[in-house]
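A.B. asks:
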Amino acid sequence: MEWIHILEGGLSGVVSVGKFILEAISVLCVFLGIAKTVQLALRFSEFQYDEFLFIQLRIRFGVWLALALEFQLGADILATTIAPKMETLIKLGAIAVIRTLLNYFLTIELDHEFEFRENQSEKDNLPSIKK
Numbered sequence: 655m656e657w658i659h660i661l662e663g664g665l666s667g668v669v670s671v672g673k674f675i676l677e678a679i680s681v682l683c684v685f686l687g688i689a690k691t692v693q694l695a696l697r698f699s700e701f702q703y704d705e706f707l708f709i710q711l712r713i714r715f716g717v718w719l720a721l722a723l724e725f726q727l728g729a730d731i732l733a734t735t736i737a738p739k740m741e742t743l744i745k746l747g748a749i750a751v752i753r754t755l756l757n758y759f760l761t762i763e764l765d766h767e768f769e770f771r772e773n774q775s776e777k778d779n780l781p782s783i784k785k
């Protein structure tokens, strides 16, 4: 039975490293989203369509936030594999539900804004970015 404890320790280490990597990727996504959004703002700074530009910026950043939430959810799922207590599992489950709902509503909002942007672009011949 000693080997079971060794395997459990190994699994715990692998899960901890995987969770750290997923969380680091999530943070990287947020920073990349900020950089890409600022880059877009600077590129469109010469244009004067305020609402249109604001929607473009929200979509650009929102896509990166949705991606970051996906990686955070993956990290939460990994963490549940080694959670020793029911209390920890309940907390992680609640966090996962909250993140999933945030991601769901963010995706809905992004889809609506993307459709509005595309309609606006076609109507006014404005520059657009790819989804």
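Sequential numbering from 655 applies to the sequence shown in the working numbering. For every residue, glycine included, the Cβ atom is placed at its ideal position computed from N, Cα and C.
For residue 770, which option in 753, 755 and 712 has the closest C-alpha, if you only look at C-alpha atoms?
C.D. replies: The alpha carbon of residue 770 has as its nearest neighbour, out of 753, 755 and 712, the alpha carbon of 712.
A.B. asks: Is the separation between the beta-carbon of residue 746 and that of residue 734 shorter than 7 Å?
C.D. replies: yes
A.B. asks: Can you tell me whether residue 812 is helix, strand or coil according to DSSP?
C.D. replies: Only positions 655 to 785 of the chain appear in the structure, and residue 812 is not among them; the question remains open.
A.B. asks: Reducing DSSP to helix, strand and coil, say where residue 772 ends up.
C.D. replies: In the three-state reduction of the DSSP assignment, residue 772 falls in the helix class, which pools H, G and I.
A.B. asks: Suppose the cutoff is 8 Å on Cβ atoms and the five residues either side in sequence are ignored; what does the same chain contact list for residue 695 look like?
C.D. replies: Within the same chain, 707 and 711 come within 8 Å of residue 695 by CB-CB distance, once the 5 residues on both sides are set aside.
A.B. asks: Taking the alpha-carbon positions, what's the residue 766 to residue 760 distance?
C.D. replies: 10 Å
A.B. asks: Residue 651 and residue 684: beta carbons closer than 7 Å?
C.D. replies: Not covered by the structure: residue 651. The range shown for the chain is 655 to 785.
A.B. asks: On the three-state DSSP scale, how would you describe residue 785?
C.D. replies: Unreliable positioning characterises residue 785 in this predicted model, as indicated by a pLDDT of 48, which lies under 50. A coordinate reading is not provided.
A.B. asks: Residues in the same chain with beta-carbon distance under 7 Å from residue 701, minus the five sequence neighbours each way, listed in chain order, please.
C.D. replies: 707
A.B. asks: Express the C-alpha separation of residue 763 and residue 699 in angstroms, rounding to a whole number.
C.D. replies: In this structure, the alpha-carbon of residue 699 lies about 24 Å from that of residue 763.
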